[in-house]
Amino acid sequence: MEILGHQIQLDHLNTLLSNKQLPQAVLFFGSAGIGKGLIAAELARQLNCQDQRDSGCDCRSCQLFAKQSHPDSLFLESGETNIIKKEEIDERMMPFVSTSPYM
Numbered sequence: 000m001e002i003l004g005h006q007i008q009l010d011h012l013n014t015l016l017s018n019k020q021l022p023q024a025v026l027f028f029g030s031a032g033i034g035k036g037l038i039a040a041e042l043a044r045q046l047n048c049q050d051q052r053d054s055g056c057d058c059r060s061c062q063l064f065a066k067q068s069h070p071d072s073l074f075l076e077s078g079e080t081n082i083i084k085k086e087e088i089d090e091r092m093m094p095f096v097s098t099s100p101y102m
């Protein structure tokens, strides 16, 4: 992973991934626009990468991630309000959880 300004956090995540010690949940928090979403998306990409590569991968899984259409990942945006209502999450999750998992 190479995202400017977050090298300490990225190194920590890479160490957890390399040692297969990633917790079942990771919370990204901080000010808006600092790169939390980029880091979370890159972490999800690496977890699903078929070639288990850090970057520069062109496997089918990574191609789908680049298009935000990977069948095992759901991308939600809060929009202008910075709020995602439970109903919106439920609506987006239903088709996602009722389909066959694993690419």
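First residue of the sequence shown? That's 0 in the numbering used here, and the numbers climb one at a time after it.
For glycine and all other residues, C-beta sits at the position ideal for the given N, C-alpha and C.
With fewer than 16 other CB atoms across the displayed protein chains lying within 10 angstroms of its CB, serine 77 is exposed.
The Cβ atoms of leucine 75 and isoleucine 82 lie no closer than 8 Å to each other. Using a 10 angstroms sphere on the CB of histidine 69, the tally of other CB atoms reaches 16 or more, which defines it as buried. Short of 6 Å from the beta carbon of alanine 43, and not among the five residues preceding or following it, lie these beta carbons of its own chain, in chain order: Ser72.
The beta carbon of glycine 4 lies closer than 8 Å to those of Ile33 and Gly34 in the same chain, with the five residues before and after it left out. Selection Cys58, Arg52 and Glu79 evaluated against alanine 31 yields Glu79 as nearest (Cα-Cα). For phenylalanine 64, same chain residues with a beta-carbon under 6 Å away, outside a window of 5 residues either side, are Arg44 in chain order.
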